[in-house]
Amino acid sequence: MEQVKHAIETGALRPGEQLPGIRPLAEELVINVNTVAKAYRELEHEGIIELRHGSGAFVSENARAGKLADTLRGAQSMVAAAIERLRARGLTADEIRRLFEAELARLSRTGRRRG
Amino acid sequence: MAERLIIETIDLWKTYDGVEALRGLNLHVPAGSICGFLGRNGAGKTTTMKILLGMARPTSGQARVFGLAADSPQASLEIRRRSAFVSEEKELYSYMTVDEIIRFTAALFPRWRDDLQERYLRKFELPLTRTIKTLSRGTRTKLALLLALCRGAELLILDEPTSGLDPAMAEEVLQALVRHGGGEELTVFFSSHQIAEVDQIADHVVIIDRGRAVISGALDDLRESFRRIQFVFDGDAPQTTFRAPGVERVVRKGRVLTVLSSAGADAIVEEARALQPRSVDVVPVTLREIFLESVSAED
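Residue numbers (the numbering used here), protein chains in the order written: chain S, 62 to 176; chain E, 12 to 310.
Dropping the structure here:
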């Protein structure tokens, strides 16, 4: 999923272009076909791709190609500032990583309960 | 959730010479899944597969494949007609050549897939004129897999298909499994010691320990529900029993109390709040950790 998003954001995949079929992609990546199908459904739910019956998956015309790259650049400086402050308090890289992971895990749990 | 089950066992027991190989195994493999079967040596994986295929009889309990009773000789014929087995031993007719065994097997199965035969002869680079006994273990596995795939079976059961294979050969085998398995046409049930490969290609997993299924379910659900929660206290961690459901294991060590939860980490954290921990960490758990925790949990 992240790979497809990344490809769209960097412009490697453009709106209207066709994505590989579920089965060929599963074979290429050597991962479960149901995992690929699920990722495609989630991408469709997020409006990034369109699944057209019988003809496959396509990048949405209104997928925010490229736009996210700017957002990410902005976010990166925010993350950098946060990390800098944590380091100033004497936390190690590992400790910071664990804090981020724990916080993300907590958010995804509470997000699920809401949804 | 009304999933159609391809394999189902209910309270399955098997005793050989006084040894309890299976001790009340409950197994559920949904149709269209690729299900990884993990367990330590001697946990009962091969015994389970043999019972499913009518090669061994259960001492008690039920085993059904396609809804058919595996211990009925007649139903078992039907089960074996619709499924294919790649065993760890690969006891093929060792005096035959590759070409001979393919023609021999093809003649037995009316749904034989010539297209797949061509594809995998090429892809697996199988030497047609060599006798089976001269083949390497990896090549023999690939031959057994070709025979299994070409039969047009609905269920493929494999006992450690990648054991003894180099990483490139193992990848070819896994690739063939994800190409054909999962989805409506072919359900795959395979045992393995390679947790990483189960993580990679399976969507369901069963962990068996001492003849019992200790973990069973969709891999995504397991990843979502298992958490390791670590509480650190100012003094020694308190002796405590959690009332919240989903507590799989509690380990006290010095100031640290670690809880492995299979559901509801939030409720556990909430309950522990009364103990006034100094810090709380909740982290996801890998399949490898789930495996190691669940097979060493007893005794």
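Note that the Cβ used here is the ideal one computed from N, Cα and C, for glycine as well. On a predicted model such as this, the values are computed, not experimentally measured, just so you know.
- Closer than 9 angstroms to the CB of E/Asp126 there is not a single CB belonging to chain S.
- Restricting attention to S/Asn123, S/Glu122, S/Arg102, the CA atom closest to the CA of S/His114 is found in S/Arg102.
- Contact with chain S is absent for E/Leu167, since none of that chain's Cβ atoms lies less than 9 angstroms from the residue's Cβ.
- S/Gln137 and S/Arg167 have their C-alpha atoms spaced approximately 21 angstroms apart.
- The Cβ-Cβ distance between E/Asp170 and E/Lys56 falls below 9 angstroms.
- DSSP, read as helix, strand or coil, puts E/Val184 in helix.
- Following the DSSP letters along the chain, one finds E/Tyr27 in no alpha helix (DSSP H) but inside the beta strand (DSSP E) bounded by residues 16 to 27.
- With the criterion set as a beta carbon lying under 8 angstroms from some beta carbon of chain E, the members of the region 80 to 114 of chain S are Arg84, Ala87, Glu88, Val91, Ile92, Asn93, Val94, Asn95, Thr96, Lys99, in sequence order.
- Assignment of E/His39 by DSSP, reduced to helix, strand and coil, places it in the strand class.
- For S/Arg167, the neighbours in chain E by C-beta distance under 8 angstroms run, in chain order, Val293.
- Fully enclosed alpha helix (DSSP H) runs of no fewer than 4 residues occupy 230 to 236, 276 to 283 of the region 226 to 291 of chain E, in order along the chain.
- Taking 9 angstroms as the threshold, the shortest C-beta distance from S/Ala163 to chain E falls below it.
- When only Cα atoms are considered, E/Val209 and E/Phe253 end up about 32 angstroms apart.
- Take the alpha-carbon of E/Val184 and the one of E/Cys46: they are about 15 angstroms apart.
- Taken through DSSP and simplified to helix, strand or coil, E/Phe120 comes out as coil.
- One finds Asp292, Val294 in chain E with Cβ atoms closer than 9 angstroms to the Cβ of S/Arg159, taken in chain order.
- Bridge pairing for E/Gln73: E/Ile21 [DSSP].
- Its chain contains Leu36, Asn37, Leu38, Gly72, Gln73, Ala74 as the residues whose beta carbon lies nearer than 7 angstroms to that of E/Thr20, once the 5 sequence neighbours on both sides are disregarded; these appear in chain order.
- For E/Glu182, the neighbours in chain S by C-beta distance under 8 angstroms run, in chain order, Val91.
- DSSP lists E/Leu167 as the bridge partner or partners of E/Ala95.
- Scanning S/Arg150, S/Gly108, S/Leu147, S/Leu112 for the CA closest to the CA of S/Pro81 turns up S/Leu112.
- About 5 angstroms separates the Cβ atoms of E/Thr116 and E/Leu158, confirming a contact at the 8 angstroms cut-off.
- In the three-state scheme derived from DSSP, where H, G and I count as helix and E and B as strand, E/His191 is classed as helix.
- At a C-beta separation below 9 angstroms, E/Gly228 has no neighbours in chain S, since its nearest C-beta there lies roughly 14 angstroms away.
- As summarised for the region 73 to 106 of chain S, the continuous alpha helix (DSSP H) elements at least 4 residues long and confined to that stretch are 83 to 90, 94 to 106, given in chain order.
- The CB of S/Arg150 never comes closer than 9 angstroms to any CB in chain E; the least such distance is about 15 angstroms.
- Relative to E/Gly194, the option among S/Asn93, S/Ala100, S/Glu63, S/Ala143 whose CA is nearest is S/Asn93.
- Assigned with DSSP and collapsed to three states, S/Gly135 falls in helix.
- Legend: CB atoms of the region 175 to 199 of chain E lying less than 7 angstroms from CB atoms of chain S belong to residues Glu182, Leu185, Gln186, Val189, Arg190, Gly193, Gly194.
- Excluding its 5 nearest sequence neighbours in each direction, E/Ala181 has C-beta neighbours in its own chain below 6 angstroms: Thr173, listed in chain order.
- E/Val199 is not a Cβ neighbour of E/Arg238, given a cutoff of 9 angstroms.
- For the C-beta of E/Ile212, the chain S residues within less than 8 angstroms are, from N- to C-terminus, Val91, Ile92, Asn93.
- For E/Gly47, the uninterrupted beta strand (DSSP E) run begins and ends at 45 to 50, by DSSP.
- DSSP, read as helix, strand or coil, puts S/His67 in helix.
- Membership of E/Ile218 in the beta strand (DSSP E) is indicated by the continuous run 215 to 220.
- DSSP places E/Val209 in the uninterrupted alpha helix (DSSP H) bounded by 206 to 212.
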